[in-house]
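Sequential numbering from 1244 applies to the sequence shown in this note's numbering. By construction, the Cβ of each residue, glycine as well, lies at the ideal position given by its N, Cα and C atoms. Each remark here refers to the structure printed beneath this line.
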Amino acid sequence: MVPPSTRRLIAVALVALAVGAVLGPSVNALPGFSDRTGPTDIAVTEFERLDAGCASAVATYSRGSVSGDTFTKVTFIETASTGANLSVWTERTSPDGADLSTFRVHVESHDAGPANTTCETGVLYRISVETSGGAPAGFLADDHGTQIQWMENGAFTVCSVSATGGLDTRCPGDRDHPRVWANATAN
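Okay, here's the thing in structure tokens:
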């Protein structure tokens, strides 16, 4: 015969197991837990042309930094002439509610004059973007972050990431390219 205290312990364990099975998927809805998501919006807060000229003289400095929700980049973009105008636009590329919010920042050059034939020319510029929105963190936060893919004249150049936890934050250029094998014959 099983003592009453053991039966009670087994009953409590079974109830706890049942409650855990029901609430497990929605643990983030409980007080103190978090379903933190990455930011929902991105805005350009600074865009400044620093210098223009031959790449050998102007493209000697670049940097990137992250401070809170602000991502800053100083870099050189190749243009056909030193008088090229620059424009910038942003887009979100991840779905709403994603733990890792991904964005693209596009910088485009628009040539305004004859092409320089004496050297490779371009513009050194500084850009800052700020992210906002997303679900706030709770007491026990989960994985979340931001990835920004920087594009120049339609081509991917580099990526900036700020994330917590075990999210896959590799940029498109960092991912291993899967090999595809096929049988073939040669004559």
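Approximately 5 Å separates the beta-carbon atoms of T1412 and A1406; this is inside 8 Å, confirming the contact. Of V1404, Y1368, Y1304, H1387, the smallest CA-CA separation from E1395 is found for Y1368. V1309 sits in a strand when the DSSP states are folded into three classes. With 16 or more neighbouring CB atoms inside 10 Å of its own CB, W1393 falls in the buried class.
For A1406, the enclosing beta strand (DSSP E) begins and ends at 1398–1406. In this structure I1285 is buried. Its beta-carbon is surrounded by 16 or more other beta-carbon atoms within 10 angstroms. A1300: member of the alpha helix (DSSP H) spanning 1298–1301, first to last residue. Between G1377 and T1280, the gap from beta carbon to beta carbon is short of 8 Å.
Here R1335 has F1346 as same chain residues with Cβ atoms under 6 Å from its own Cβ, once five neighbours each way along the sequence are excluded.
Cβ contact annotation for A1302 (same chain, cutoff 8 Å, sequence separation greater than five): F1319, G1365, L1367, in chain order. F1290 and E1321 have their C-alpha atoms spaced approximately 17 Å apart. For Y1368, the enclosing beta strand (DSSP E) has its first and last residue at 1364–1375.
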